[in-house]
Amino acid sequence: MSMLSRLAESLPLPQAGQELLENPQRTPALTRDRFTAARRISALPHLFEHRDDFDTVEAYCLFVGHGRTGHSLVGSLLNGHPEMVISHELDALRLLDRAQVPVSRDQLFSAILQRDDEFTNLGREWERYSYNVPETAQGEFDRLRIIGDKKGAASTRRLGTSPELLGDLRDTVSMPIRAVHVVRNPFDTIASRRKLKETWQEYGIEKYFANADNVELIDGMLDDDELFRLHHEDLISDTASVLSELCAFLGIDADDEYLSACEEFVFDSPNQTRHEVEWSDTDIDRISTKSQEYDWLEQYSFETE
């Protein structure tokens, strides 16, 4: 019997988990149940190694909003703090979504640590970008006080479709929730998606504002002290101040050495991808008009620097 099999006997697993233990190659496609089972199994060593560390965690951090806004950058900067671990693209809410056997707090936290190790082994590179922040504590921690997952757009869609997942998350972690919303000029966000996905060429504007409505829904489910909204352009122009405010929101002190390392890593100016695709006058007018319906977008226009 393998070590993972022995460890798995001490924790509840859904039937899909037992199937994966018996024959990991049996079903290559990870359905929802098999995704959850695979994460539970692969994270077991982290659970047993770090179970005591989980008792010092003070809050759970999740990201909401749109893709291509800078969530990965912010998550990586936070992950460089010695008292925080923010996994990259685990999709933590997927673990909770209609799980056959409820995921425990420690199973969720161990999956986050396991995913962080995975990303470290990948060199912290994602979609041609490096998120390896030199001179920070990425991949390790001194005392774990904040834990969470960076999967902003997918988490927003999941909560928009199944709002009860936020309650499931609260029940699972049994600690304060802290949500981070990174906002970028909608023209740049939509343009970045258009460059990556063909479906965004025709339906990108509708997709963007449908998810903006999901953000509004989630905002209404959170208390005022549970959501921190920052603008991508402000983070780039004044990294230390914005990051210091974000850390304070999370209840964490950010020293000068950490802030300096993050400031050094962040690029000098935002990438205005809106100028890399073609727009019709109708599309520009639609986005400009629709943006005025959201207080966190009304500052933006096609001409905004």
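Going by our numbering, the sequence shown opens with residue 5, and the numbers climb by one from there. From the three backbone atoms N, C-alpha and C, an ideal C-beta is built for every residue, glycine too.
I'd like the list of long-range same chain contacts for residue i, defined as Cβ closer than 7 angstroms, with 5 residues on each side in sequence excluded.
i, result
"T60", "R147, L148 and R149"
"M7", "In this predicted model, M7 has a pLDDT of only 45, less than 50, meaning its place in the structure is not dependable; the value taken from the coordinates is given anyway. Cβ neighbours of M7 beyond the five flanking positions: none."
"S305", "S292"
Going by the DSSP bridge assignment, what does residue i pair with across the sheet?
i, result
"M88", "I150"
"E129", "S134"
"L66", "D153 and A183"
Helix, strand or coil: how does DSSP classify residue i here?
i, result
"I291", "helix"
"V219", "helix"
"F232", "strand"
"S2", "As shown, the chain starts at 5 and ends at 309. That puts residue 2 outside it, with no answer to give."
"I256", "coil"
"Q205", "helix"
"F113", "helix"
"Q276", "coil"
"A141", "coil"
"F271", "coil"
"R38", "helix"
"D242", "coil"
"D299", "coil"
"G79", "helix"
"G224", "helix"
"G171", "helix"
"V177", "helix"
"S108", "coil"
What is the C-beta distance between residue i and residue j, in whole angstroms, given that I count them as a contact (C-beta under 8 angstroms)?
i, j, result
"C266", "V137", "6 angstroms"
"L99", "L117", "So it is not a contact: roughly 13 angstroms between Cβ atoms."
"G79", "H236", "Contact doesn't hold; Cβ gap of about 13 angstroms is too wide."
"Q142", "R132", "Wrong, their Cβ atoms sit about 19 angstroms apart, outside the cutoff."
"Q303", "D192", "With a Cβ gap of about 13 angstroms, Q303 and D192 do not count as contacting."
Spatial neighbours of residue i within its chain, please: CB distance less than 6 angstroms, with the 5 preceding and 5 following residues excluded, ordered by chain position.
i, result
"K155", "E93 and D95"
"G152", "Y64, C65, L66 and I90"
"K145", "Per the sequence shown, residue 145 should be read as Phe rather than Lys. Within the same chain, F145 has close Cβ partners P86 and V89."
"A103", "T40"
"I288", "F306"
"D120", "V89 and S91"
Residue i: which of the options sits nearest, CA to CA?
i, options, result
"Q205", "I194, A214 and N215", "I194"
"R201", "A47, T286, D242 and G71", "One point to set straight first is that residue 201 is Lys, not Arg, in the sequence displayed. Among A47, T286, D242 and G71, the Cα nearest to that of K201 is on G71."
"A256", "H50, D217 and N83", "Residue identity check: residue 256 is Ile in the sequence provided, not Ala. I256 has its Cα closest to that of N83, out of H50, D217 and N83."
"G171", "D192, E210, D101 and T40", "D101"
"H279", "F58, L48, D120 and P190", "P190"
"D228", "D242, E210, G208 and V184", "V184"
"W300", "F213, S264, T277 and P274", "F213"
"P180", "E53, F52, E62 and R38", "E62"
"E261", "A244, D56, F253 and L173", "A244"
"L163", "L97, L231 and Q276", "L97"
Mind checking whether the beta-carbon of residue i lies closer than 7 angstroms to any heavy atom of the ligand GDP?
i, result
"R197", "Within the structure as shown, the ligand GDP is missing, as the structure has no ligands at all."
Can you list, in chain order, the residues of its chain whose CB lies under 8 angstroms from that of residue i, leaving out five sequence neighbours each side?
i, result
"T160", "V68, G69, H70, N215, N218, V219 and I222"
"T176", "L100, P106, V107, S108, R109 and L112"
"L239", "G74, L77, V78, V186, V246, L247 and V270"
"D272", "I240"
"R188", "H70, R72, T73, G74, H235, H236, E237 and P274"
"R197", "G71, R72, W204, G208, K211 and Y212"
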